[in-house]
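Participant: My questions will all concern the structure given below.
Chains as they are written, first to last, in this note's numbering: chain A, 697 to 764; chain B, 697 to 764; chain C, 697 to 764; chain D, 697 to 764; chain E, 697 to 764; chain F, 697 to 764.
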């Protein structure tokens with residue numbers, strides 16, 4: 697399946713922190729950039745996310761703010 | 697001003713495409729990654745965005761989807 | 697690739713309307729529900745979206761508001 | 697009050713899971729589709745959300761990603 | 697209908713600018729604050745938005761970034 | 697740094713509530729308006745957010761829904 701989301705950054709999970717409902721996932725995409733993703737704990741468990749996993753951070757272009 | 701948004705990726709604008717209301721901005725953050733940002737034309741003009749500008753792509757962590 | 701996004705609704709494209717930068721896509725997911733998606737024109741063209749295509753509307757759970 | 701949000705799917709709450717700050721709400725909209733909404737615990741309590749409630753899942757069209 | 701969205705700011709439309717697919721709406725909520733909302737042209741037309749209308753700007757709390 | 701986000705509302709923090717992963721922050725922007733922001737606990741701690749702080753609530757215009 698191809699996605700309309702323009703931003704798809706490949707990386708590796710560095711940390712998974714689970715709360716009651718949400719989870720905070722750190723993904724190293726390339727030195728020196730790390731992506732933080734907050735998803736449901738439910739999703740983190742269904743995808744079996746853990747340190748070292750190769751994943752893709754997917755971001756719709758309307759969600760990006762530019763700073764200059 | 698510091699931002700609560702966890703994801704702040706530095707890059708350089710590669711292309712600016714203006715529509716009537718929106719604008720599509722391409723930002724090269726690091727080989728091989730390019731970020732597409734869709735912002736208002738109004739913002740693109742107020743910030744004077746043009747090719748070659750050093751900018752930051754800012755993304756709140758709740759906006760990131762993970763694919764595995 | 698599995699996605700962390702909890703909401704994935706299968707449907708068929710009923711209409712594609714292209715602007716200069718954005719595109720408005722209508723997806724029939726099940727009677728009587730239609731999903732409207734606004735994506736970049738760039739994405740609509742790269743995915744070759746047209747009437748009759750079988751597609752999936754993907755929505756992260758943090759983007760849903762509840763009315764009661 | 698009418699809303700600009702194009703996507704308003706009627707359904708019934710199947711499950712409410714409360715965390716410290718957030719809540720995960722499952723809404724059955726039509727077989728076989730279920731919507732997951734993550735809202736604040738504060739909102740879940742102010743609206744008194746509980747299993748069996750008739751609710752509407754509201755999603756702005758810019759938040760929808762298309763997969764094909 | 698009550699909404700889970702915590703932020704509901706009452707104001708008056710100051711300007712409506714229509715593009716091919718999107719519309720940029722300016723809402724004065726209180727001096728000196730103005731809210732800019734980008735919605736579909738389709739929604740702007742269905743709600744018949746025009747200058748002077750009393751409207752509410754609705755923002756889910758997960759969409760707010762804090763600067764300090 | 698200037699931001700493309702059109703909505704930047706100045707206010708003062710009235711309450712900070714921390715969960716395991718997320719935090720709920722109340723910001724008084726002007727009588728009678730209060731903004732609720734849900735950000736990561738990580739961000740709340742890195743910015744050292746506490747009651748009485750002068751902050752800015754930043755909201756991209758594509759995230760605003762209009763009710764009429």
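Beta carbons are placed, not taken as given, at the ideal position from N, Cα and C, and that holds for glycine.
Everything numeric in this text was worked out from a predicted model, so none of it was measured.
(1) Report the partner residues of residue 750 (chain D) according to the DSSP bridge assignment.
(2) Indicate whether the contact test is met: 3 or more Cβ pairs, each with one atom in the segment 713-724 of chain C and one in the segment 707-718 of chain B, closer than 8 Å.
(3) Check the DSSP bridge columns for residue 760 (chain B) and list the partner residues they point to.
(4) Can you find a CB in chain B that lies within less than 8 Å of the CB of residue 743 (chain F)?
(5) Please report how far the alpha carbon of residue 729 (chain C) lies from the alpha carbon of residue 749 (chain B), in whole angstroms.
(6) If the cut-off is 8 Å on Cβ atoms, which residues from the segment 704-727 of chain C count as contacting chain B, listed in chain order?
(7) Considering only residues of the same chain and omitting the five flanking positions on each side of residue 699 (chain D), which have a CB-CB separation below 7 Å?
(8) For residue 702 (chain C) versus residue 732 (chain D), is the C-beta distance shorter than 8 Å?
(9) Using the rule of at least 16 other Cβ atoms within 10 Å of the residue's Cβ for burial, across every protein chain shown, is residue 708 (chain B) buried or exposed?
(10) Can you give me the C-alpha to C-alpha distance between residue 705 (chain F) and residue 746 (chain F), rounded to a whole angstrom?
(11) By alpha-carbon positions, which one of D:711, D:762, D:739 ends up nearest to residue 741 (chain C)?
(12) At the 8 Å Cβ level, is residue 738 (chain F) part of the contact set with chain E, yes or no?
(13) Taking Cβ-Cβ distances shorter than 7 Å, what residues in chain I pair up with residue 763 (chain C)?
(14) Would you verify that the beta carbon of residue 700 (chain B) is, or is not, closer than 8 Å to some beta carbon of chain A?
(15) Whole angstroms are fine: how far does the CA of residue 724 (chain D) sit from the CA of residue 725 (chain F)?
(16) Starting from residue 758 (chain B), find everything on chain C with Cβ-Cβ shorter than 7 Å and list it in chain order.
(17) What is the DSSP secondary structure of residue 775 (chain A), counted as helix, strand or coil?
(18) Considering only the beta carbon of each residue, do residue 752 (chain F) and residue 734 (chain E) sit closer than 8 Å?
(19) Taking residue 743 (chain D) as the reference, give the member of C:697, C:710, C:764, C:711 with the closest Cα.
(20) Taking Cβ positions only, does residue 735 (chain B) come closer than 8 Å to chain F?
(21) Take the Cβ of residue 738 (chain B) as the centre, count every other Cβ of all protein chains shown within 10 Å, and call the residue buried at 16 or more, exposed below.
(22) Is residue 738 (chain F) helix, strand or coil by DSSP?
(23) CB-CB under 7 Å to residue 756 (chain D), same chain, minus the five flanking residues each way: which ones, in chain order?
(24) What span of residues does the beta strand (DSSP E) with residue 724 (chain C) cover, start to end?
(25) Going along the chain, which residues of its own chain have a beta-carbon closer than 8 Å to the beta-carbon of residue 760 (chain D), five neighbours each way excluded?
Facilitator: Inspection of the coordinates gives the following:
(1) As a working mapping, residue 750 (chain D) is identified with position 54 in the fourth chain. DSSP output for residue 750 (chain D) lists D:708 as bridge partner(s).
(2) yes
(3) The residue you call residue 760 (chain B) lines up with position 64 of the second chain. Looking at the DSSP assignment, residue 760 (chain B) forms no beta bridge with any residue, so it has no partner.
(4) Within the sixth chain, the letter at position 47 stands for residue 743 (chain F). Chain B, which has a Cβ nearer than 8 Å to the Cβ of residue 743 (chain F), makes this yes.
(5) On the third chain, position 33 is the one that residue 729 (chain C) refers to. On the second chain, position 53 is the one that residue 749 (chain B) refers to. Cα to Cα, residue 729 (chain C) sits roughly 44 Å from residue 749 (chain B).
(6) 715, 716, 717, 718
(7) Here residue 699 (chain D) refers to the residue found at position 3 when the fourth chain is read from its first residue. These residues qualify, in order along the chain: 754.
(8) The residue labelled residue 702 (chain C) in the question sits at position 6 within the third chain. The residue labelled residue 732 (chain D) in the question sits at position 36 within the fourth chain. Contact flag set, yes.
(9) The sequence position of residue 708 (chain B) within the second chain is 12, counting from 1. So residue 708 (chain B) counts as exposed.
(10) Residue 705 (chain F) sits at position 9 when you count from the first residue of the sixth chain. Residue 746 (chain F) sits at position 50 when you count from the first residue of the sixth chain. For residue 705 (chain F) and residue 746 (chain F), the distance between alpha carbons rounds to 18 Å.
(11) Residue numbering aside, residue 741 (chain C) sits at position 45 when the third chain is read from its first letter. Per the Cα distances, D:762.
(12) As a first step, residue 738 (chain F) is located in the sixth chain; it is residue number 42 there, counting from the start. So no, residue 738 (chain F) is outside the interface.
(13) Among the protein chains in the structure shown, which are A, B, C, D, E and F, there is no chain I.
(14) Counted from its first residue, the second chain places residue 700 (chain B) at position 4. Closer than 8 Å: no.
(15) Counting from 1 along the sixth chain, the entry for residue 725 (chain F) is found at position 29. Counting from 1 along the fourth chain, the entry for residue 724 (chain D) is found at position 28. Going from the Cα of residue 725 (chain F) to the Cα of residue 724 (chain D) covers about 37 Å.
(16) In the second chain, the residue the question calls residue 758 (chain B) occupies position 62. Near residue 758 (chain B) (Cβ distances below 7 Å), the residues of chain C are 758.
(17) The structure shown does not extend to residue 775 (chain A), since chain A is modelled only from 697 to 764, so the question has no answer here.
(18) Stepping through the sixth chain from its first residue, residue 752 (chain F) is reached at position 56. Stepping through the fifth chain from its first residue, residue 734 (chain E) is reached at position 38. No.
(19) Numbered from its first residue, the fourth chain carries residue 743 (chain D) at position 47. Ranking C:697, C:710, C:764, C:711 by Cα distance to residue 743 (chain D) puts C:764 first.
(20) The residue given as residue 735 (chain B) occupies position 39 in the second chain. Yes, residue 735 (chain B) counts as interfacial toward chain F.
(21) As a position in the second chain, residue 738 (chain B) is number 42, starting the count at 1. Classification for residue 738 (chain B): buried.
(22) Locating residue 738 (chain F) in the sixth chain gives position 42, counting from the first residue. Note: residue 738 (chain F) maps to helix in three-state DSSP.
(23) Translated into the one-based positions of the fourth chain, residue 756 (chain D) becomes position 60. Same-chain partners within the cutoff: 701.
(24) Looking up residue 724 (chain C) in the third chain gives position 28. Unbroken beta strand (DSSP E) run through residue 724 (chain C): 718-726.
(25) Counting from one through the fourth chain, the residue named residue 760 (chain D) turns up at place 64. Excluding positions up to five away in sequence, the list reads 703.
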